[in-house]
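Read the structure below first, then the notes.
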Amino acid sequence: MDKPQRLLLNIEDYHQQAKSKLPAMIYDFYSTGSDDQLTLIDNERAFRQIKLRPKVLIDVSSHSTNNSINCQTQVLNSTATLSFPCMIAPTALHRLANNEHGELATVRAAVACSTIMCVSTNASVDMKRIADEHHQQIRMNYPQSTSQLWFQLYVLKNRRNTQKLIERAEECNYKALVITVDHCEQGNRECYIRNNFTLPNGIQAENLMDDDNDNTEFGKTYRSDIPIDAALSWKDIDWIRSITSLPVIIKGIIHPDDAREAIRHGVQGIIISNHGGRQLDTCQGTIDALRDIMIALGNDKDQIDIYVDGGIRRGTDILKAIALGAKAVLVGRPILWGLAVDGAQGVQSVLNILKNEFRLAMMLCGCQTIEDIRKNNLLILDNRSKL
Ligand SMILES: Cc1cc2nc3c(=O)[nH]c(=O)nc-3n(C[C@H](O)[C@H](O)[C@H](O)COP(=O)(O)O)c2cc1C
1 MDKPQRLLLN
11 IEDYHQQAKS
21 KLPAMIYDFY
31 STGSDDQLTL
41 IDNERAFRQI
51 KLRPKVLIDV
61 SSHSTNNSIN
71 CQTQVLNSTA
81 TLSFPCMIAP
91 TALHRLANNE
101 HGELATVRAA
111 VACSTIMCVS
121 TNASVDMKRI
131 ADEHHQQIRM
141 NYPQSTSQLW
151 FQLYVLKNRR
161 NTQKLIERAE
171 ECNYKALVIT
181 VDHCEQGNRE
191 CYIRNNFTLP
201 NGIQAENLMD
211 DDNDNTEFGK
221 TYRSDIPIDA
231 ALSWKDIDWI
241 RSITSLPVII
251 KGIIHPDDAR
261 EAIRHGVQGI
271 IISNHGGRQL
281 DTCQGTIDAL
291 RDIMIALGND
301 KDQIDIYVDG
311 GIRRGTDILK
321 AIALGAKAVL
331 VGRPILWGLA
341 VDGAQGVQSV
351 LNILKNEFRL
361 AMMLCGCQTI
371 EDIRKNNLLI
381 LDNRSKL
């Protein structure tokens, strides 16, 4: 007899279900971090250490009567609206979780949930096909959806190919470029070596299969000679800004000085991220980095959109990030778990769980609007400092 399916009530349920479904090599590829995985653990732990101090006797009934309006969030100078302040982080190779549809399933869920999907350079479906599916879903099934696509760029050693990627993203109607900057070399992910990580036949990083078909991060067996450029510097950010009209967002900022530098270089946003604990181990947890960066930037923080990812598993985590000043969060692994468990429907369920938890957290904290989350002085940080 089949084991009864566990009730899928929260992100951890999806995680466990995905774990039982996926081959160990793929589960490990998705779930693990680098070295001793301390940052991976810290990302989640740092959220849990922040305690909430709810406000009461505030009429929050509008959440029940008009359930979506109060959570809506504007980003990038109000050029995009999210149904709640949570987006899909760029993660590689979705066909490892769902061979048949991969990123096409994820994008359907993004449209259904009116959120932004940030498509990875290392997607296993070509960026044009994803964009076509996005367009089609909005036209046919969700005309009210405010979903957008952003393109996550790894700056390749070959700048001509880098420029081609940017031009294709523009042609395909992607609305922003997210440049990942914490990957000058791949972190030490020991599970790749232990498992002899190999891509299944037919799955590859499609956007990197260039005309000469040899410009890919992943070959048949995992290779460490990735074409990402370790020489990447602020000069290149200026170069990219000079060749594109798309808003530029820098992903992978932890240090407050780098946040300041990003403002100086005129980018529209930063994503505070440690790559989900897959790059530098013992790197600071991202919610702690967000707090430090907000303090360091002072009033300058309003000049750019500040986002955060890493370890967000509950609606209360999203609320804490917003209370600390983030515009929105991004989630990586929870999306992959949803995809592995039930394709587009699984991703949609994961997003809906987070949205419902977030809405409930707002109500229980006495917040009528997103702005209230920032104003209500809700956080107790480390049981010491109070915002
Ligand atoms: C399996 C996997 C693949 C990833 N691939 C990329 C990628 O291609 N580009 C990128 O910028 N970040 C990538 N990331 C990092 C995510 O964008 C994000 O920073 C991280 O997953 C957030 O942490 P979380 O998984 O705890 O939500 C990847 C993360 C995972 C887990």
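Under the UniProt record's numbering, think of the first position of the sequence shown as 1, with each following residue one higher. Note that the Cβ used here is the ideal one computed from N, Cα and C, for glycine as well.
Taking all protein chains shown into account, P90 has 16 or more neighbouring C-beta atoms within 10 Å of its C-beta and is therefore buried. Between the C-alpha atoms of K301 and T65 there is a straight-line separation of about 34 Å. Here N356 has G315 as same chain residues with Cβ atoms under 8 Å from its own Cβ, once five neighbours each way along the sequence are excluded. Proximity to K235 across I272, C71, V155, N376 peaks at V155, based on C-alpha coordinates. Contact annotation, T180 with L153: C-beta distance approximately 7 Å; criterion of less than 8 Å satisfied. For Q137, the uninterrupted alpha helix (DSSP H) run begins and ends at 127-140, by DSSP. Going down the chain, each residue whose beta-carbon is closer than 5 Å to a heavy atom of ligand 1 shows up: Y30, A89, P90, T91, A92, S120, N122, Q152, T180, S273, H275, G276, D309, G310, G311, V331, G332, R333. Burial state of I304 is buried, judged by a 10 Å Cβ sphere holding 16 or more other Cβ atoms. In the assembly as shown, D36 is an exposed residue. Its beta-carbon has fewer than 16 other beta-carbons within 10 Å.
Pairing T286 with R189 gives a Cβ-Cβ distance that is not under 8 Å. In this structure, the straight-line span from the alpha carbon of E103 to that of V347 is close to 11 Å. By the C-beta density criterion, V341 is buried, having at least 16 other C-beta atoms within 10 angstroms. Pairing A24 with W337, the inter-Cα distance amounts to about 14 Å.
Residue environment analysis places I69 among the exposed positions, since fewer than 16 neighbouring C-beta atoms fall within 10 angstroms of its C-beta.
Taking C-alpha positions only, G311 is separated from V248 by approximately 24 Å. Judged by DSSP in its simplified three-state form, I11 adopts helix.
Nearest in C-alpha terms to V331, of all of Q345, V350, A344, A323, is V350. N299 and S273 have their alpha carbons spaced roughly 22 Å apart. For Q17, the number of other beta carbons within 10 angstroms of its own is at least 16, and it is reported as buried. Of all alpha-carbon atoms in D257, N98, S83, the one lying nearest the alpha-carbon of K21 is that of N98. Judged by DSSP secondary structure, G325 falls outside any beta strand (DSSP E); it is assigned neither H nor E. Unbroken alpha helix (DSSP H) runs of no fewer than 4 residues, entirely contained in the region 67-124, are found at 103-112, following chain order.
Around the beta carbon of P85, 16 or more other beta carbons lie within 10 angstroms, which makes this residue buried. Using a Cβ-Cβ distance cut-off of 8 Å, the region 192-208 and the region 116-134 are in contact, since at least three pairs of beta carbons, one from each stretch, lie closer than that value.
Around the Cβ of P334, a 10 Å sphere holds 16 or more other Cβ atoms; the residue is buried.
Between I116 and L82, the CB-CB gap stays under 8 Å. Less than 8 Å divides the Cβ of A230 from the Cβ of E185. If the five residues before and after R359 are omitted, its C-beta is found closer than 8 Å to the C-beta atoms of H63, N67, N70, C71, F84, G315, all from its own chain and listed in chain order.
Around K55, the same chain offers G366, N376 as residues with beta carbons nearer than 6 Å, after the five sequence neighbours per side are excluded. Taking the CA atoms as reference points, R313 sits about 8 Å from E12.
Relative to Q279, the option among R264, E261, I253 whose CA is nearest is I253. Inclusion of C191 and T39 in the CB contact set at 8 Å is not warranted, their separation being larger than that value. In the DSSP secondary-structure assignment, K51 is bridged to I380. DSSP, reduced to helix, strand and coil, places T180 within a strand of the structure shown. Within the model, the alpha-carbon separation for I138 versus T369 is close to 27 Å.
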